[in-house]
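Input: a single structure, listed below in structure tokens.
Protein chains: 2
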Amino acid sequence: MDPVTAAASFALDRDTAVTRTGEGRFDAVITDGWGALGAGPNGGYVLGICLRALAEVLPLPDPLVVSASFVRRSTPGPATVRTDVVRVGRRVATGRAVLEQDGEAIVAATATFADLGAAEGRTLELGTPPDLPPAEECVDVMEGLSLPGVTIAERYHYRMRGRPGWAVGAPSGTPSAELWVRFADERPIDALALPVVADGMAPVVMDLPGVVGSSTMDLTVHVRARPAPGWLACRVQTRHVRNGYHEEDLELWDATGVLVAQSRQLALLREV
Amino acid sequence: MDPVTAAASFALDRDTAVTRTGEGRFDAVITDGWGALGAGPNGGYVLGICLRALAEVLPLPDPLVVSASFVRRSTPGPATVRTDVVRVGRRVATGRAVLEQDGEAIVAATATFADLGAAEGRTLELGTPPDLPPAEECVDVMEGLSLPGVTIAERYHYRMRGRPGWAVGAPSGTPSAELWVRFADERPIDALALPVVADGMAPVVMDLPGVVGSSTMDLTVHVRARPAPGWLACRVQTRHVRNGYHEEDLELWDATGVLVAQSRQLALLREV
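Quick mapping for you: the protein sequence lines, in order, are chains A and B. Everything in the first sequence is counted per the working numbering, starting at 1044 for the first residue and increasing by one. Everything in the second sequence is counted per the working numbering, starting at 1044 for the first residue and increasing by one.
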């Protein structure tokens, strides 16, 4: 399959496509295929549109650090992305993007791109990947769940040791999880997709009684390596909830045991 | 002491002062009083100038989330800050700033401000503050150290259980630390100062043999509460070094045991 055909065949590529309309300006369409729980289109997905635009204006292939402020809820429909290049260096290049709908800012993102294939230097890994059985031996988190409007659940496959408490009506009280994740259409998870995937999981605070969701205010993703093919093992936890504000920390490890991304978001509890 | 006199008497306020010169534009002077190890002015300090400018254009008092990309090394001397307001809501307001010197971008920052005094909602703390003896019983990290040009060491007081390995020529191999920190002139650490302080410590990777420093590429700070007066207890660690790139995670706890900020940076090792 040639690259163009391949790209068109995956939901992520189709739904984050951008069309250049001027100097640093792009048109896009936010689809209703990535809807999150009671929160409109998933933030990571909308960020994916910003990253597609930034990839067009920066001369290096891989996002290395991405930060995004989600200032308004998006709605399915047309959007525009304005980008500006902050600096292009030999090894890294930084740009900013604002995604707007109806003239109002929805997401403001900053990203530094690099060539992760060319990175070299000291490596020291003090962490360990999640201790999960093979994905094939795990349970499908979404099986039997009816979540009207949560179309994002059709974009991903999630596998865990057992069903999370929130999914069976018995929140565990422990806001942490380990799980496997991949795209449902088996689109390879490349560096550009990692920031999208990092916001593609159900918030672990849903395992706190009375919490029905979490609204991402700000998301930062460090991309550390291009993932090997296959499932990603994900470790997520929230440790500090204060006045409803909480962080969610996430690690993504590839099938060869390499940490490929870390993310942290600041989010606000949604309670019953 | 009235607020104006008080502000003028503290190094941080004096050295991060901004003067409005136009719509969202400010002049500032980067001083040589916050020089870091072989790296020019400390990034957190330069970010502090951006935050002073953003505080002028946003109608809420406290930074809640701050992200900054450090794209070029700054030099002591004049700087300008261009700000733009992304969104002003009832509860939070978001703005962006670019600090430039000689027409070149040095730092691009995005910050969401809030009123931390008005925050209310669920609180659940699963973490614990660093287990440190009182600051008065700890040792002065900098005592007897001669670090030419490292003027930032005159801005802070640091106290630890014992001298860190790097400070006594015997790197421990363990890139983590717990320490007390405050401003040397006892300026109260308010919410606006927390992102500055979060980048005010020696990088823990200096406890890896052969590492002489760390260049911050990107810094994200979540401010969780206005600190109580006194020392802050700090926990810092690096767990994942890959091709020289590494994260540094930091928690700041106030004297009453409240987590007041979390930060994460992506940085690049500087080796001998």
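For glycine and all other residues, C-beta sits at the position ideal for the given N, C-alpha and C. Quantities reported herein were computed from a predicted structural model and do not represent experimental measurements.
- The DSSP-derived three-state label of B/G1078 is strand.
- Taking C-beta atoms as the reference points, B/V1128 and B/F1069 fail to come closer than 7 Å.
- Between B/R1278 and B/P1173, the CB-CB gap stays under 7 Å.
- For the region 1162-1185 of chain B, residues whose beta-carbon sits nearer than 7 Å to a beta-carbon of chain A comprise A1162, E1163, G1164, R1165, T1166, L1167, E1168, L1169 and G1170.
- B/I1092 sits in a helix when the DSSP states are folded into three classes.
- The straight-line gap separating the alpha-carbon atoms of A/E1143 and B/E1314 is approximately 43 Å.
- B/S1257 is bridged by DSSP to B/L1312.
- With a cutoff of 7 Å on beta-carbon distance, B/Y1199 and B/V1239 are scored as not near each other.
- Counted as a single uninterrupted DSSP element, the stretch harbouring B/D1250 is not any alpha helix (DSSP H), since DSSP gives it neither H nor E.
- As DSSP reads the structure, B/D1105 sits in a beta bridge with B/A1157.
- Measuring C-alpha to C-alpha distances from B/A1152 to each of B/V1211, B/V1109 and B/R1206 identifies B/V1109 as the nearest.
- Excluding five sequence positions before and after B/L1188, the CB atoms of its chain that fall closer than 7 Å to its own CB belong to A1210, given in chain order.
- Judged by DSSP in its simplified three-state form, A/I1073 adopts strand.
- Here A/D1056 carries a helix assignment [DSSP, helix/strand/coil].
- Taking 7 Å as the CB threshold, B/A1148 lines the interface with chain A.
- In the structure shown, B/A1304 adopts extended strand secondary structure according to DSSP, grouped into three states.
- B/A1157 and B/L1097 do not touch by the CB rule: their CB atoms are close to 13 Å apart, not below 8 Å.
- Counting only the Cα atoms, B/L1175 lies some 8 Å from B/A1276.
- In terms of beta-carbon proximity, A/S1112 lines the interface with chain B, with at least one pair separated by less than 7 Å.
- With respect to the C-alpha of A/T1217, the residue from B/L1169, B/L1222 and B/D1233 having the closest C-alpha is B/L1169.
- Contact between B/L1159 and B/R1269 holds: their C-beta atoms lie close to 5 Å from each other, under 8 Å.
- Apart from the 5 residues on each side of it in sequence, A/S1112 sits with its Cβ closer than 8 Å to the Cβ of V1150, A1151, A1152, M1260 and D1261 in its chain, given in chain order.
- In this structure, the CA atom of B/S1258 is about 9 Å from the CA atom of B/G1086.
- Burial is judged here by how many other beta carbons sit within 10 angstroms of a residue's own beta carbon; A/G1065 has fewer than 16 and is exposed.
- In chain order, A1162, E1163, G1164, R1165 and T1166 make up the part of chain A whose C-beta sits under 9 Å from the C-beta of B/G1287.
- Listed along chain A is no residue with a C-beta nearer than 7 Å to that of B/T1126; the closest approach is about 13 Å.
- Taking 7 Å as the threshold, the shortest C-beta distance from A/T1137 to chain B falls below it.
- Sequence-distant partners of B/G1083 (beyond 5 residues in either direction) whose C-beta falls short of 7 Å from its own C-beta, in its chain, are R1116, S1117 and T1118.
- When C-beta atoms of the region 1126-1140 of chain A are compared with those of the region 1100-1107 of chain A, three or more pairs fall below 8 Å, so the two segments count as touching.
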